[in-house]
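> Going line by line, the protein sequences match chains B and W.
Under the UniProt record's numbering, the first residue of the first sequence is numbered 1, with each subsequent residue one higher.
Under the UniProt record's numbering, the first residue of the second sequence is numbered 1, with each subsequent residue one higher.
Protein chains: 2
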Amino acid sequence: MPGSTRHTGRRADALTKQRIVEVAVAILDADGERGLNFRRLGRELRTGPGAIYHHVANKDELLSAATEVVLEPAVTAADSARGRDAVRTVALAVFDAIDAHPWAGTHLSLTPTHSALLRIFECIGGHVRTLGIPRSAEFASASALLNYILGVGGQNAANARLAPADSDRGDFLTATAASWADLDAERFPFTRDVADQLREHDDREQFLAGIDLILDGIRALGAKR
Amino acid sequence: MPGSTRHTGRRADALTKQRIVEVAVAILDADGERGLNFRRLGRELRTGPGAIYHHVANKDELLSAATEVVLEPAVTAADSARGRDAVRTVALAVFDAIDAHPWAGTHLSLTPTHSALLRIFECIGGHVRTLGIPRSAEFASASALLNYILGVGGQNAANARLAPADSDRGDFLTATAASWADLDAERFPFTRDVADQLREHDDREQFLAGIDLILDGIRALGAKR
DNA sequence: ACCTGAACACCGTTCAAGT
DNA sequence: ACCTGAACACCGTTCAAGT
């Protein structure tokens, strides 16, 4: 029988960091960060809460490891994307990962030292370097792109918390757009006017438009030289 | 005697939402979000934790009110900034508020519905509207600016948590720069190279450089018409 | 060495009892 | 009407006892 063992202290389905993180990701995807705790994790892994600590140092490390798992496609994109679309490719990969796993966006926004960010930053920087801008502007340009990506990611994550996965996202947008259209005409003329655009916009497309604005701004630095 | 009262059920120094929020801001500034709890708040206000709930609905509302207070200069800037520097003015006001009160950056990143953001968005949008870009691009452009501002704010807040107020910020930057310079030369050529720039960069200046990149990108949209 | 789960510390929130 | 603080529910984390 595969996996059969005697009943020693160890379990047949040995607890590993990988299994713990997998279950954590499933809980996070189902119920968000609020749904994840060591008692529930223990229950789903058929053990006590203390056992988890033999494999992860604390909840923060667990969240980081879970974030690493769901950001894997983005990091892979970062390691291999080349050419003029490299930034758009990796940016979209990050966007999609956070869209599918909003809790990861929150964690990344709160954890600028996360190792995935370093590889994404490197990818962005490598591309920025091909644009022929002054050396002194490279760091700021790459940082601007990463900060924008994290900003959108954080907002997306927050919006996902407001409009839970099971609720209708269209209803949520419609309600927000309606409240914008109702704002005081004197104080909020712009916001009132763009209420329609909010209703019909595509998050992903708009995210890319922002990336393109920054890339255009960076290219303009090169042209000025 | 001013303020003297008999010892009825009410207190001489009546509990008000304003006083509660003031004390909360002081605690948050001193010890961050981790330092704020209802027991401590009660102690400093010479009452029990339950009394707070007569004036604020819960901790989230308390954090929002505290954020509102420290973002007041930014919101004022948003309501009055005019002309070509309007976006830079309001962006810097937000930056400075979060720099002085990092916990507010975290809360804003997590709360896209915060009323202060609406006024900042309106200010940004009003300026974007003067740039002569297609109507269809206005919403995305204003959103890009706000998302960038919130992204930087969130990162700043996270960095402040990593390098507490009392520690030397120069040491922190030096240590991070050193770790970047030590990265694998094959996999992280860009990050290694910009380690020096990290060491010497000015956060505020770099933040503005990013705002300018986006504004340049937006202006390019107008030129294309 | 790894697992177990009771216990500890801490915190948001509620509520019955007070004035 | 507002205040008080004990109590409840919940959770991260530790640790003595097990195998």
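In this text, a Cβ means the ideal position worked out from N, Cα and C, and glycines have one as well.
Cβ-heavy atom distance between Asn147(W) and the ligand COA below 8 Å?
For the ligand COA, the structure offers nothing, since it holds no ligand at all.
> For Val194(B), which option in Phe207(W), Arg46(W), Ile120(W), Ser136(W) has the closest C-alpha, if you only look at C-alpha atoms?
For the purposes of this step, residue 194(B) is taken as the residue at position 194 of the first sequence. Minimum Cα distance to Val194(B) is reached at Ser136(W).
> Quick one: which chain B residues come within Cβ less than 8 Å of Ala158(W)?
As a first step, residue 158(W) must be located in the second sequence, where it is residue number 158. Residues of chain B passing the Cβ test: Ser109, Leu110, Thr111, Pro112.
> My output table needs one value for Ile211(B): the three-state DSSP class, helix, strand or coil.
The residue labelled residue 211(B) in the question sits at position 211 within the first sequence. Looking at Ile211(B) - three-state DSSP - the assignment turns out to be helix.
> Three or more C-beta pairs closer than 8 Å, one from the segment 66 to 84 of chain B and one from the segment 102 to 122 of chain B: is that the case here?
In short, these stretches touch, since the Cβ pair count reaches three.
> If the cut-off is 9 Å on Cβ atoms, which residues from the segment 136 to 150 of chain B count as contacting chain W, listed in chain order?
Within the segment 136 to 150 of chain B, the residues whose Cβ lies closer than 9 Å to some Cβ of chain W are Ser136, Ala137, Glu138, Phe139, Ala140, Ser141, Ala142, Ser143, Ala144, Leu145, Leu146, Asn147, Tyr148, Ile149, Leu150, listed in chain order.
> Taking buried to mean at least 16 other C-beta atoms within 10 Å of its own C-beta, is Gly16(W) buried or exposed?
Counting from one through the second sequence, the residue named residue 16(W) turns up at place 16. Rather than Gly, the amino acid found at residue 16(W) in this sequence is Thr. Exposed: under 16 other Cβ atoms inside 10 Å.
> Just the chain B side, please: which residues come within less than 9 Å of Gly35(W) by C-beta, in chain order?
Within the second sequence, numbered from 1, the residue matching residue 35(W) stands at position 35. By Cβ distance, chain B contributes nothing, its closest Cβ being about 17 Å from Gly35(W), past 9 Å.
> Any idea what DSSP makes of Thr174(W), helix, strand or coil?
One-based indexing of the second sequence puts residue 174(W) at position 174. In this structure, Thr174(W) counts as helix in the three-state DSSP scheme.
> Closer than 7 Å by C-beta to Ala40(B): which residues in its own chain qualify, once you throw out the five before and the five after it? Chain order, please.
Mapped onto the first sequence, residue 40(B) falls at position 40. Reading the sequence as shown, one finds Arg at residue 40(B) and not Ala. For Arg40(B), where only same-chain residues beyond five positions count, the Cβ hits under 7 Å are Ile27.
> In chain W, which residues lie less than 7 Å from Thr191(B) when you measure between Cβ atoms?
In the first sequence, residue 191(B) corresponds to position 191, counting from 1. Under the 7 Å cutoff, chain W gives Leu118, Phe121, Glu122, Gly125.
> With DSSP collapsed to three states, give me the class of Thr16(B).
One-based indexing of the first sequence puts residue 16(B) at position 16. Reduced to three states, the DSSP call for Thr16(B) is coil.
> Using beta-carbon positions only, say whether Leu213(W) and Gly217(B) come within less than 9 Å of one another.
Translated into positions along the second sequence, residue 213(W) becomes position 213. Translated into positions along the first sequence, residue 217(B) becomes position 217. Yes, these two residues count as a Cβ contact at 9 Å.
> Using a Cβ cut-off of 9 Å (strictly closer), state whether residue 227(B) contacts chain W.
Residue 227(B) falls outside the range modelled here, since chain B spans only 1 to 225, and no answer is possible.
> From the beta carbon of Gly132(W), is the nearest beta carbon of chain B less than 9 Å away?
Here residue 132(W) is taken as the residue at index 132 of the second sequence, counted from 1. By this cut-off, Gly132(W) is not an interface position.
> State the start and end residues of the unbroken alpha helix (DSSP H) segment that holds Glu61(W).
The sequence position of residue 61(W) within the second sequence is 61, counting from 1. 59 to 70 is the extent of the alpha helix (DSSP H) around Glu61(W).
> Going by DSSP, what residue range makes up the alpha helix (DSSP H) through Phe121(W)?
Start at 1 with the first residue of the second sequence, and residue 121(W) comes out as number 121. Its alpha helix (DSSP H) spans residues 115 to 129.
> Below 8 Å on C-beta distance, what does Leu162(B) contact in chain W?
The count along the first sequence starts at 1 and reaches residue 162(B) at position 162. Ordered by position in chain W, the residues that pass the 8 Å Cβ test against Leu162(B) are Pro112, Thr113.
> By a C-beta neighbour count over all protein chains shown, 10 Å radius and 16 as the cutoff for buried, is Pro134(B) buried or exposed?
Along the first sequence, read from residue 1 onward, the residue named residue 134(B) stands at position 134. Exposed: under 16 other Cβ atoms inside 10 Å.
> Since I believe Leu108(B) is in contact with Leu150(B) (beta carbons under 8 Å), could you give me their beta-carbon distance rounded to a whole number of angstroms?
Here residue 150(B) refers to the residue found at position 150 when the first sequence is read from its first residue. Here residue 108(B) refers to the residue found at position 108 when the first sequence is read from its first residue. So it is a contact: roughly 6 Å between Cβ atoms.
> Determine the DSSP secondary structure at Leu110(W), reduced to helix, strand or coil.
The sequence position of residue 110(W) within the second sequence is 110, counting from 1. Looking at Leu110(W) - three-state DSSP - the assignment turns out to be helix.
> Just checking, does the segment 179 to 191 of chain B make contact with the segment 114 to 122 of chain B on the three C-beta pairs under 8 Å criterion?
The segment 179 to 191 of chain B vs the segment 114 to 122 of chain B: no contact.
> Taking CB distances under 9 Å as the criterion, tell me whether Phe172(W) reaches chain B.
Locating residue 172(W) in the second sequence gives position 172, counting from the first residue. Not closer than 9 Å to any Cβ of chain B, the Cβ of Phe172(W) fails to qualify, so no.
> Just verifying my parser: in three-state terms, what is the DSSP assignment at Phe95(B)?
For this step, residue 95(B) is matched to residue 95 along the first sequence. Note: Phe95(B) maps to helix in three-state DSSP.
> Can you tell me where the alpha helix (DSSP H) with residue 258(W) in it begins and where it stops?
Because chain W spans 1 through 225 in this model, residue 258(W) falls outside it and cannot be assessed.
> Taking the alpha helix (DSSP H) that Leu146(B) belongs to, which residues open and close that run?
Taking the first residue of the first sequence as position 1, residue 146(B) is located at position 146. Note, Leu146(B): alpha helix (DSSP H), 135 to 162.
> State yes or no: is the beta carbon of Leu221(B) nearer than 9 Å to at least one beta carbon in chain W?
What you label residue 221(B) is simply residue 221 of the first sequence in a count that begins at 1. At least one chain W Cβ lies under 9 Å of Leu221(B).
> Please classify Phe190(B): does DSSP put it in a helix, a strand, or coil?
For the purposes of this step, residue 190(B) is identified with residue 190 of the first sequence, where counting begins at 1. Looking at Phe190(B) - three-state DSSP - the assignment turns out to be helix.
> What residues in the segment 59 to 83 of chain B bring their beta carbon closer than 9 Å to a beta carbon of chain W?
Against chain W - using a Cβ distance shorter than 9 Å - the residues of the segment 59 to 83 of chain B are Asp79.
> Thinking C-alpha only, which one of Leu131(W), Ile98(W), His127(W), Thr130(W) is nearest Ala116(W)?
Walking along the second sequence from the start, residue 116(W) turns up at place 116. Closest by alpha carbon: Ile98(W).
> Against Val194(B), what residues of chain W qualify as contacts under a CB-to-CB distance less than 8 Å, listed in chain order?
Position 194 of the first sequence holds residue 194(B). Going along chain W in sequence order, the residues near Val194(B) (Cβ under 8 Å) are Gly125, Glu138, Phe139, Ala142.
> Between Arg55(W) and Arg169(W), what straight-line distance do the alpha-carbon atoms span, to the nearest angstrom?
Within the second sequence, residue 55(W) is the residue found at index 55, counting from 1. Within the second sequence, residue 169(W) is the residue found at index 169, counting from 1. According to the sequence as given, residue 55(W) is His; it is not Arg. Between His55(W) and Arg169(W), the C-alpha separation is close to 38 Å.
> Using 10 angstroms around the beta-carbon of Gln155(B), count the other beta-carbons present and answer buried if the total reaches 16, otherwise exposed.
Walking along the first sequence from the start, residue 155(B) turns up at place 155. So Gln155(B) counts as buried.
> Is the Cβ-Cβ distance between Val87(B) and Ile211(B) less than 9 Å?
What you label residue 87(B) is simply residue 87 of the first sequence in a count that begins at 1. What you label residue 211(B) is simply residue 211 of the first sequence in a count that begins at 1. A contact, by the Cβ cut-off of 9 Å.
> List the residues of chain W whose Cβ lies closer than 7 Å to the Cβ of His101(B), in chain order.
The residue labelled residue 101(B) in the question sits at position 101 within the first sequence. The premise fails here: His101(B) is roughly 16 Å from chain W at the closest Cβ pair, so nothing lies under 7 Å.
> Under 9 Å, do Ala65(B) and Val128(B) count as touching if we go by C-beta distance?
One-based indexing of the first sequence puts residue 65(B) at position 65. One-based indexing of the first sequence puts residue 128(B) at position 128. No, the pair does not count as a contact, with Cβ atoms beyond the cut-off.
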